[in-house]
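Residue 122 in this note's numbering sits at position 79 of the sequence shown; the count goes up by one each step and never skips.
Quick reminder that beta carbons are idealized off the backbone N, C-alpha and C, glycines included.
Working notes, beginning with the structure itself.
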Amino acid sequence: MSAEVLKGHLDGMILAVLADGPRHGYGVIDALRTRTGGRFDLPKGTIYPALHRLEQAGLIDGAWSREGGRERRTYTLSAAGHRRLGVERASWRDFVAAVGGLMEGNTGLGEQPWPAV
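Written out as structure tokens, the structure is:
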């Protein structure tokens, strides 16, 4: 799936992944790939700037740790991030319902589109 389709949704997807527990950047990339059945295999150049932006906004907390001789920044969801995730999930449900109705020909008025098939 193209990165263009994800515009506006990436932050919420990262917050959702971090709701499961702390992860470093590559762990976020791997979780996004795994949890979407390989549909979202996003490059580091997309994820790391988003992590930085979310940290600057106070939605996630980052801390350096040493793992296997390498320093890694591990990210966790902040209290503000948990609240924002709730908003993102509600927004996503509305988006899916609206686009689903549109793509399926639902007029939103409980009537069948013309011509009925």
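- Taking the C-beta atoms as reference points, I103 is found nearer than 8 Å to T119.
- The three-state reading of DSSP puts E147 in coil, since its state is none of H, G, I, E or B.
- R82 sits in coil when the DSSP states are folded into three classes, being neither helix nor strand.
- Taking the Cβ atoms as the reference, F83 lies roughly 15 Å from L94, outside the contact range of under 8 Å.
- Taking W107 as reference, the option from R116, Q99 and A100 with the minimal CA-CA separation is R116.
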